[in-house]
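S.K.: This structure is in structure tokens; I'll ask about it shortly.
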Amino acid sequence: MNYNFKEIESKWHAYWAEKGTFKAVTGSEKSKFYVLDMFPYPSGAGLHVGHPLGYIASDIYARYKRHKGFNVLHPMGYDSFGLPAEQYAIQTGQHPAITTETNIKRYREQLDKLGFSFDWDREVRTSNPQYYKWTQWIFIQLFNSWYDKDKDSARPIQELIDVFKEEGNSMVNACSDENTPIISAKTWKEMSSQQQQQLLLKYRLTYLADTEVNWCPKLGTVLANDEIINGVSERGGFPVVRKKMTQWSMRITAFAQRLLDDLSLVDWPQSLKDAQTNWIGRSVGASVTFYTKPTAKQTQSLPINVFTTRPDTIFGVSFMTLAPEHDLVLQLTTADREEEVREYIAVSAKRSERDRMSDVKRISGVFTGAYAIHPFTKECIPIWIGDYVLAGYGTGAVMSVPCGDQRDFEFAKNFDIPIPNIFNEVDISEEAYAEKGKTTLVNSSFLDGLAFKQATKKVIEELEAIEQGKGKVNYRLRDAVFSRQRYWGEPFPVYYVNGMPNMVPEDCLPIELPEVEKYLPTETGEPPLGNATVWAWNTSTETVVDNKLIDEETIFPLELNTMPGWAGSSQYFNRYMDPKNNDAIFSKEAIAYWQQVDLYIGGVEHATGHLLYSRFWQKFLFDLGIVPHKEYAVKLINQGMILGTSAFVYREVNTNKFLSKGLVKDKEVIPIHVDVSFVNSSDELNVEAFRNWRPEFAKAEIELENGKYIVGREVEKMSKSKYNVVNPDEICEEYGADALRLYEMFLGPIEQAKPWNTAGISGVYSFLKKLWRLFHSGSDGQFYVSDDEPPKEALKTLHKTIKKIEEDIEHFSFNTSVSTFMICVNELSSLKICHRSILEPLSILISPYAPHLAEELWNKLGHQESIAYASFPEFIASHLVEDNKQYPVSFNGKMRFVIELPLSMNKEQIEDAVMKHQKTIDQLQGRVPKRVIVVPGKIVNIVG
RNA sequence: GCUCGAGUGGUGGAAUUGGUAGACACGUUGGACUUAAAAUCCAAUGGCCAUUAUGGCCGUGCGGGUUCAAGUCCCGCCUCGAGUACCA
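Plus 227 on top of the position in the first sequence (first one is 1) and you've got the working numbering.
Encoded structure:
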């Protein structure tokens, strides 16, 4: 009887589905364990072999934990809102919901084939109204909250209103946007309700504001910083420009410090923590206010706030630079400079992010004609604008210290601005001196003779004394723009009365996505929801009604933007705990039982997107008392990408002639991707298949070397356009899902990127066949087990294996554990083992890796219940080391003798011990050891 | 530029806390079985030298260092990869 994986795998899929084997029960007596995968976006291309890598690893862990007696939650769902479905809808008119549904079906089929132990009863889809009801609900909670810096916690907005009524906003001003005017309680009461709402928006955790955004004209939408790679959009690679727009934003900056601090609470890869730390970009310094010198045009002195990490260099300031987009630029520019300034602003606005980046070295700027007064020297310093100052960082203005900052230095050189030196015995004729604390200050009045640390402290004290500055921590992290001008996303539960946003009552949720005729923006440039005809809010009936009915009394326009992709993914992990609950995001019982994710597996590419935003929302829900933990994922593993090995043919330029790789030499050729299925494992192209591939290749001249066409190879990301995609369905068809699972784990460490190579799968496939034969050692390959006592050697092999596998799984070293299995089965095969007491634990042991095969064997061993419920074998190693003082070890066939000595021994005792063992060694080895190496507290290794 | 990570056979990769480098697998070569192929099994497989087996020397990107002992620790380089970037 042969190993018929097809029969076995389909049999057990059906069995698991029918029995509901992997259903997680909330509130079980067992301890819980929550294993989570990052849910996929169901794209039209289906899965390639790279996608399941993380799912296989998490499935192994989930199954292992079940065997260890845990009640495991291992859910799966779909992040089903997104651009590709919408782009497809724009092109074909097909509703994104239909495309999404089709894609999900295909994903599900593929996932099922691989034998994952997901609890599909808990599936969530972000585009499902029953799901996004709760995304909208969280949005409303954010709108109804502000951030209390004193308590370091999100608080209900009503508390803030009470504060305003009592004492105005002076005490809570730090909790709002910069430049929020200070008002008294009296003023608050005198404000119109619209003015009050306007002020509150500056405090709310999600707010509507004019923000400088990354606008992608080609995609017709704004993008968040993490959606832009090298100045172009992540999706599509289109240029991005900066533009001011009224947008919803999330006040994630309020949580910046906690997002940093709480990284210490989680067991995440250091590289990922570093990425988040850099992204948040904390820098310590001071904010300093400079006042402008009144001019004919601007008779009042204007305050300009700057942020600096080097307040100690304040006596080195010889000019100021503002970003061209800075609010005050036009106000302070003098009449004679106005034309030039306006022109400069216009030019830099036109330059895309990409131009600006590719052109970093070009120094440009103009003088505004205005001067600022130095807070201490009272000297007049010129105010310039320059695009090396970014509007979005700090205050969009800098105090320029050319002797201490290279950019300021170059700017000063370029425009002939003086470069005063304030560093003792440092040469600044060639470049700025940016070292901190290696020298002391000179020409710096009260800071003379001080080094960085003391000078910084001193200058901040002085600035505070004259009320022109204070110590400040600045973050690179910016508030996250939350509006997208797209159709296929969550609608906002927001309607507008007199231009002010109002929340739809919570019990009216969800506000469902309306039908539209066209998925493109309207002709007037409104987002696609502007095409919806039934998209207005009736406050008296509390329903969505036709736009035509909009009046000033009870029917109001609804928000036309939709939420970004990360909205739906920021809380899905908690929703899995109670996915069908229609009265709450999840029940108190569910969250109390499941608590938080114990293991989260997913790609590192989400480091500064999803993984940051979801932490932010979790902290917010924590402040609200809805979730019990500040962090939602205790342990996180980033699986590495599986790459494709692309194949290339080389076409000589301006010809239709293709040269085999070896013939290219120094000829000018264009490499062209060719489908990897036309190429065999020795890089030889199937010329016939290549000719049939495309009409233009049919008649091509093909030059061979040694009768073969050899292709070029390159490791790249798997992608349809590179023709290097390997489909898991084909692998399952040929070798089975168990072999695919094993092989993906065997390829290398889970966290590492590695190229796929189908040829290597034969190793794990023949291992599975060997394992099968171990259970089918009867005549004619019939199933056969003996109930006799197994030989001691076999037990030793088994227990060695159990120990190693357990350690490997706990350390996520899945690749080495596959090797361990291979060694184990090889040893047992050569011992001709067919004993129940060996084979039974072995099948439990292997079941996380090859669940179908293990289940089949378990069943053949006479068990009716699924192997999923079997306990992982306990390790009984006692006979491995019979005398834990000395034991021979066979290594590579050579005999070795190891003595373990206690840590506490001194030199003499060690020598004694070695001498005592000497006889045994001599007897065993038959000769005298060459070297005796002794180190206290270590293993004594006698190399014979 | 800054931050992080990685360099080990023909290939993917092992190597616990510093303790026999190259486990396991692919590939290659030879052999068995077969009319033949597939499948399966056995053997060899880092380099150089030697041989009657026992052996010897060199080897973990490069150069130093610490140590009885270094792929592993320290210092200085080189190369590659990832992230980030006019961040004041």
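By construction, the Cβ of each residue, glycine as well, lies at the ideal position given by its N, Cα and C atoms.
Closest to Ser-887 by C-alpha separation, out of Asn-400, Ile-929, Ala-874 and Gln-363, would be which residue?
M.R.: Out of Asn-400, Ile-929, Ala-874 and Gln-363, Ile-929 has the C-alpha closest to the C-alpha of Ser-887.
S.K.: In terms of residues, what are the limits of the alpha helix (DSSP H) holding Tyr-859?
M.R.: That residue, Tyr-859, is in no alpha helix (DSSP H); it is neither H nor E in DSSP.
S.K.: For Val-556, count neighbouring C-beta atoms within 10 Å of its own C-beta (all shown protein chains included) and say buried if the count is 16 or more, exposed if not.
M.R.: buried
S.K.: Tell me the residue span of the beta strand (DSSP E) that contains Val-896.
M.R.: That run of the beta strand (DSSP E) goes 896-901.
S.K.: Which full runs of the alpha helix (DSSP H) of 4+ residues lie inside the stretch 252-319, going along the chain?
M.R.: 279-294 and 310-319
S.K.: Which value, in whole angstroms, describes the spacing of the CA atoms of Val-1045 and Asp-1015?
M.R.: Cα to Cα, Val-1045 sits roughly 28 angstroms from Asp-1015.
S.K.: So, helix, strand or coil for Lys-376, using DSSP?
M.R.: coil
S.K.: Can you confirm whether the stretch 840-860 touches the stretch 279-293 when touching is taken to mean that 3 or more C-beta pairs between the two stretches lie within less than 8 angstroms?
M.R.: no
S.K.: At what residues does the beta strand (DSSP E) containing Gly-596 begin and finish?
M.R.: 593-600
S.K.: So for Asp-1014, helix, strand or coil by DSSP?
M.R.: coil
S.K.: In the DSSP assignment, the alpha helix (DSSP H) including Val-1210 goes from what residue to what residue?
M.R.: Not covered by the structure: residue 1210. The range shown for the chain is 228 to 1171.
S.K.: Can you give me the Cβ contacts of Cys-607 inside the same chain, cut-off strictly under 7 angstroms, excluding the 5 residues immediately before and after it?
M.R.: Lys-520, Tyr-598 and Ile-600
S.K.: Consult DSSP for Cys-630 and reduce its assignment to one of helix, strand or coil.
M.R.: coil
S.K.: Tell me whether Asn-641 is buried or exposed, calling it buried when 16 or more other Cβ atoms sit within 10 Å of its Cβ.
M.R.: exposed
S.K.: Please identify the residue among Pro-1078, Phe-546, Lys-862 and Glu-1067 whose C-alpha is closest to the C-alpha of His-1026.
M.R.: If you compare the alpha carbons of Pro-1078, Phe-546, Lys-862 and Glu-1067 with that of His-1026, the shortest gap goes to Glu-1067.
S.K.: Just grab the DSSP bridge partners of Phe-249 for me.
M.R.: In DSSP, Phe-249 forms no bridge with anything.
S.K.: Label Met-1122 either buried or exposed according to how many other C-beta atoms from any shown protein chain fall within 10 Å of its C-beta, with 16 as the threshold for buried.
M.R.: Residue placement at Met-1122 is flagged as unreliable, the pLDDT there being 36, under the threshold of 50; the coordinate-derived value follows with that caveat. So Met-1122 ends up on the exposed side.
S.K.: Distance, Cα to Cα, Trp-243 vs His-1079?
M.R.: One C-alpha to the other measures close to 10 angstroms.
S.K.: Along the chain, where does the alpha helix (DSSP H) containing Glu-932 start, and where does it finish?
M.R.: Where Glu-932 is concerned, there is no enclosing alpha helix (DSSP H), given that its DSSP letter is neither H nor E.
S.K.: What residues are listed by DSSP as bridge partners for Thr-872?
M.R.: Val-942
S.K.: Using DSSP's beta-bridge definition, name the partner residues of Ser-510.
M.R.: The partner list for Ser-510 (beta bridge, DSSP) reads Asn-701.
S.K.: Go ahead and label Val-625 buried or exposed: buried means 16 or more other beta carbons lie within 10 angstroms of its beta carbon, across all protein chains shown.
M.R.: buried
S.K.: Using a 10 Å radius around the Cβ and a threshold of 16 neighbouring Cβ atoms, would you call Tyr-358 buried or exposed?
M.R.: Tyr-358 counts as buried, since at least 16 other C-beta atoms from the protein chains shown sit within 10 angstroms of its C-beta.
S.K.: With DSSP as the reference, please indicate the residues paired to Asp-437 in a beta bridge.
M.R.: Thr-473
S.K.: Let me know the alpha helix (DSSP H) ranges lying completely inside the stretch 935-991, each 4 residues or longer, listed in chain order.
M.R.: 955-962 and 964-973
S.K.: So Val-351 is in the alpha helix (DSSP H); what residue range does that whole segment cover?
M.R.: Val-351: not part of any alpha helix (DSSP H); DSSP gives it neither H nor E.
S.K.: Rounded to whole angstroms, what is the Cα-Cα separation between Ser-591 and Gly-613?
M.R.: 6 angstroms
S.K.: With H, G and I counted as helix, E and B as strand and the rest as coil, what does DSSP make of Ile-828?
M.R.: strand
S.K.: According to the neighbour-count rule (16 or more other Cβ atoms, all chains shown, within 10 Å of its Cβ), is Ser-460 buried or exposed?
M.R.: With 16 or more other Cβ atoms within 10 Å, it is buried.
S.K.: Should the stretch 340-359 be regarded as contacting the stretch 790-803, the criterion being three or more beta carbon pairs within less than 8 angstroms?
M.R.: yes
S.K.: What runs of the alpha helix (DSSP H), each 4 residues or longer, lie entirely inside the stretch 782-858?
M.R.: 792-796, 799-802, 815-821 and 837-850
S.K.: Going by DSSP, what residues sit across from Cys-443 in a beta bridge?
M.R.: Cys-443 pairs with Thr-448.
S.K.: Do the stretch 327-339 and the stretch 298-314 touch if we need at least three Cβ pairs shorter than 8 angstroms?
M.R.: yes
S.K.: Could you check what DSSP says for Phe-719 in three-state terms: helix, strand or coil?
M.R.: coil
S.K.: Alpha carbon to alpha carbon, what distance is there between Glu-236 and Val-906?
M.R.: 30 angstroms
S.K.: So which of Thr-667, Leu-998 and Gly-631 has the shortest CA-CA distance to Glu-658?
M.R.: Gly-631
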